[in-house]
Structure formats: C-alpha cells, structure tokens
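Notes for the one structure printed next.
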Amino acid sequence: AQSVTQLGSHVSVSEGALVLLRCNYSSSVPPYLFWYVQYPNQGLQLLLKYTSAATLVKGINGFEAEFKKSETSFHLTKPSAHMSDAAEYFCAVSSGGKLIFGQGTELSVKP
Amino acid sequence: NAGVMQNPRHLVRRRGQEARLRCSPMKGHSHVYWYRQLPEEGLKFMVYLQKENIIDESGMPKERFSAEFPKEGPSILRIQQVVRGDSAAYFCASSPGSGRIDEQFFGPGTRLTVL
Chain A
1 AQSVTQLGSH VSVSEGALVL LRCNYSSSVP PYLFWYVQYP NQGLQLLLKY
51 TSAATLVKGI NGFEAEFKKS ETSFHLTKPS AHMSDAAEYF CAVSSGGKLI
101 FGQGTELSVK P
Chain B
1001 NAGVMQNPRH LVRRRGQEAR LRCSPMKGHS HVYWYRQLPE EGLKFMVYLQ
1051 KENIIDESGM PKERFSAEFP KEGPSILRIQ QVVRGDSAAY FCASSPGSGR
1101 IDEQFFGPGT RLTVL
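Encoded structure:
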C-alpha cells in the first residue's frame, strides 16, 4: 500500500527565512507525488508534482521539491518565506487514480 | 474556463436528515473524486467516479453514503440520516483522465454541519 507521512504538523518561520516542509513516502512502485496548498476555508491548489521526469521539481510561488529515492523523501522548500505563504500544506501520492494525503503541515510566518 | 464548482458551500442539517452535496467538474473533465476532511485531520479519499460509473468506492462508509455521476448534470454525494460525526468539509476534485500523473483540480468544498 502507498502512503505518505508529513513530519511536523506545525512549522513556524520568520518572514524571509527558509521554508522546509518534510514528506516521506512509502510505495512499492515508482511513485507520483504531489504537494498541495490549502488556504483557510478554500479548496486545494496544486503547488507542484513529481512524475519521474526530473528529481528537482519547481512549482508555483517560488516553491520547489526534490525527489530522493534513497531517502524516500519529497521535501518542499522555499528560500524566503512570505507572509502570504501561511497556509496548510499537503503531500500526496497517487494510487490507482486517487490521492493518498499526508496529515498536513500548517505553516505560520512571523513578521 | 470555470473551475470545479461545489454547492452549497455551507450546509446545516439536523441529525437524521439527508444531505446532498453537488459537484460540477471542470469543462472537459470526466473523472470526479470526493474527499472528506474531518476536523484536525487530513483529507481522506471517499469515491472515484466516471460518467455513470463508480470506479473506486473503497473509502466510502458502508452505510448511509452514496455517490453518483450521471450522464448529464453534476456529481452528487448523498448522506442519509446524518449524524454529528458526518460534520466535515467535503471536497470534490476532477481530472481530465485517469492517469496517475493527472492533476486533480479541487473545488472550494462544502462544509457540512450536523446539529
């Protein structure tokens, strides 16, 4: 069975600091991995996806993620946090068409 | 191109009533997925439908819940005899195909409150 685990339910950073949100996956087949962002009372928006074309994936809003097979990880990073990045972030793996989500990480950005 | 539309955005029901949640996929999308987000939890898959077919309902509770995606009209998630534990945000997503790499586009969700 495929699954993802997000380490840290809450992450707080200062504006301008590095953002690092952790995601580890478990999959018996090459995984297709996604990061979504959810702003309060809204639906999910795709940040980026890994489909085996390149291990370093660039997404919207300055986010990127690196697929590391040896570490079974797909961590999300952004060099410099902005106040508008405050939201909940979900890592997900595709399984037979459906998405299996992690528990989510709430990102707070302090001024 | 309008995104995924869900209505109502907020729904209040008393215990024992029925809840009907509607989802109109993006234009050209024939695959619909329903997810549920319980308070303090992540999103859990419920059901995956194509037009007139249920592809995967492994996440649906065995009783009281049903879903359909008719040839014409929106997809409907129906919850009969609601209980307080059904209070959650229900999200619909759509995709153009069934491939594993296809992005799913999410609607704004319906927030169900059961009194």
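Just so you know, the protein sequences line up as chains A and B, in that order.
Counting from 1, one number per residue, gives the positions in the first sequence under my numbering.
Counting from 1001, one number per residue, gives the positions in the second sequence under my numbering.
Ideal Cβ positions, reconstructed from N, Cα and C, are used throughout, including at glycine.
Are B/Y1048 and A/K98 closer than 7 Å when you measure CB to CB? Contact: yes.
Using a Cβ-Cβ cut-off of 7 Å, state whether B/L1038 counts as contacting chain A. B/L1038 is outside the set of residues whose beta carbon lies under 7 Å from a beta carbon in chain A.
Beta-bridge pairing of B/H1010 - partner residues as DSSP gives them: B/H1010 is bridged to B/R1111.
Against chain B, does A/K58 count as a neighbour if the rule is that its beta carbon must be under 7 Å from one of theirs? Cβ-Cβ to chain B under 7 Å: no for A/K58.
Whose C-beta lies closer than 7 Å to the C-beta of B/P1108 among residues of the same chain, with five residues either side of it excluded? Q1006, R1009.
As assigned by DSSP and simplified to three states, the class of B/D1102: Here B/D1102 carries a coil assignment [DSSP, helix/strand/coil].
Contact criterion: CB-CB distance below 7 Å. Does B/Y1048 meet it with respect to chain A? Closer than 7 Å to some Cβ of chain A, the Cβ of B/Y1048 qualifies, so yes.
According to DSSP, what are the bridge partners of A/L18? Answer by DSSP bridge pairing: none, since A/L18 is not bridged.
Grouping DSSP H, G and I as helix and E and B as strand, with all else coil, what is B/R1084? In the structure shown, B/R1084 sits in a helix (DSSP, three-state: H, G or I).
List the whole-angstrom C-beta distance separating A/E15 from A/P111, where the pair is believed to meet the contact cut-off of C-beta under 8 Å. About 6 Å separates the two Cβ atoms, so the contact holds.
Whose Cβ in chain A lies nearer than 8 Å to the Cβ of B/F1091? In chain order: G43, L44.
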